[in-house]
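Below: one structure, written as structure tokens.
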Amino acid sequence: MKLLLWSWNVNGLRAALNKGFIEIIQKEQPDILGIQETKLQEHQIPEELNTLNEYLIYWSHSLRKGYSGTGLFTKLLPLSFSTGFGNPEFDNEGRINIAEYTEFIFFNIYFPNGQKDDERLNYKLRFYDRCLEVMEEKRTSGKIILVGGDFNTAHHPIDLANPKENEKTSGFLPIERAWLDKIAEMGWIDTFRYFDKSPEQYTWWSYRTKARPRNVGWRLDYFWVNKEGIEHIKKAGIRQDIEGSDHCPVFVELEI
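And the structure:
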């Protein structure tokens with residue numbers, strides 16, 4: 001069986017709905033879709049989503065209003081679904097969905113942004129470390145482990161348009177990139193780069209500088225898989241043709 005999994009930072013689900021979100025999902029029909037930055041509370045879930053009746057929808061909301069938030073749209077019933085790492089420090093911002101299925105586990109994660117100040121950068125790094133601990137714990141299940149989401153870090157110079165100018169910017173700091181180096185060293189694989197080594201492949205473009213038409217972007221959105229599961233990934237890619245957010249969707253095709 002082949003499954004199409006998507007990850008997409010929608011930068012406000014209500015805004016994305018006004019930009020064709022439902023029509024896009026109805027057309028593309030991912031089997032599982034993880035979205036980030038919903039910016040919703042439970043009482044604000046749009047009724048229009050009821051038209052996507054082929055999906056079960058699960059949410060994780062931030063305690064802070066209009067901030068963060070994640071959602072999982074799935075055609076397959078998970079064996080279990082959780083919204084945390086077991087740490088209130090990380091679990092209260094609505095950043096985490098973990099869905100376990102018979103043959104694989106899917107993490108849909110909205111990793112913190114470290115640009116605000118040193119405190120948030122340190123929070124991001126602690127979140128990274130705790131996420132890796134949970135990834136490794138789940139790895140002992142023997143299942144395929146997929147970790148998708150907005151990682152808020154470009155890994156290598158090829159992953160952003162202006163690497164030299166951003167060496168001191170959160171999102172491309174050596175200390176942030178070192179965590180991606182670490183997970184790669186521990187046997188986790190960046191599925192997109194496994195298939196595609198080409199430059200100018202970005203997933204986020206600044207609205208503020210109208211960067212998308214010029215393709216001055218960053219690759220911040222990923223699907224990583226444990227090396228034990230890579231043989232089940234038949235394709236991975238970036239849907240730069242899909243608009244509706246300052247991020248575009250990324251995807252993998254999983255064969256189980």
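For what it's worth, full-length UniProt numbering labels the leading residue of the sequence shown as 1, then goes sequentially.
Ideal placement from N, C-alpha and C gives every residue a C-beta, glycine not left out.
The continuous alpha helix (DSSP H) containing Y128 extends over residues D118 to R139. In this chain, the alpha helix (DSSP H) harbouring A15 covers L13 to L17. Residue nearest to E255 within the set A16, D31, V10 and R14 is D31 (criterion: CA-CA distance). Taking 7 Å as the cut-off, the beta carbon of I233 is found closer than this to the beta carbon of T191. Nearest in C-alpha terms to V147, of all of Y123, K138 and Q26, is K138. Apart from sequence neighbours up to five positions away, the residues of its chain that approach R130 with a beta-carbon distance below 7 Å are F85, N87 and F90, ordered along the chain.
Contact annotation: S60 and G20 have beta-carbon atoms that are not nearer than 7 Å. In this structure, the alpha-carbon of F251 lies about 32 Å from that of D118. Secondary-structure assignment with DSSP links K2 through a beta bridge to E255. Separation of E54 and K75 (C-alpha to C-alpha, rounded to the nearest whole angstrom) is 6 Å. For the 7 Å CB-CB criterion, I158 and P199 form a contact.
Between the alpha carbons of I96 and V225 lies a distance of about 17 Å. Annotation: D181 is outside any beta strand (DSSP E); the continuous alpha helix (DSSP H) that includes it extends over P174 to E185. Annotated three-state conformation of E100 is strand, per DSSP. Listed in chain order, the alpha helix (DSSP H) runs fully inside the stretch 189-243 are 191-195, counting runs of at least 4 residues.
For Q36, the enclosing beta strand (DSSP E) covers residues I32 to Q36. By the criterion of a C-beta distance shorter than 6 Å, Y207 is surrounded in its chain by D246, once the five residues flanking it on both sides are discounted.
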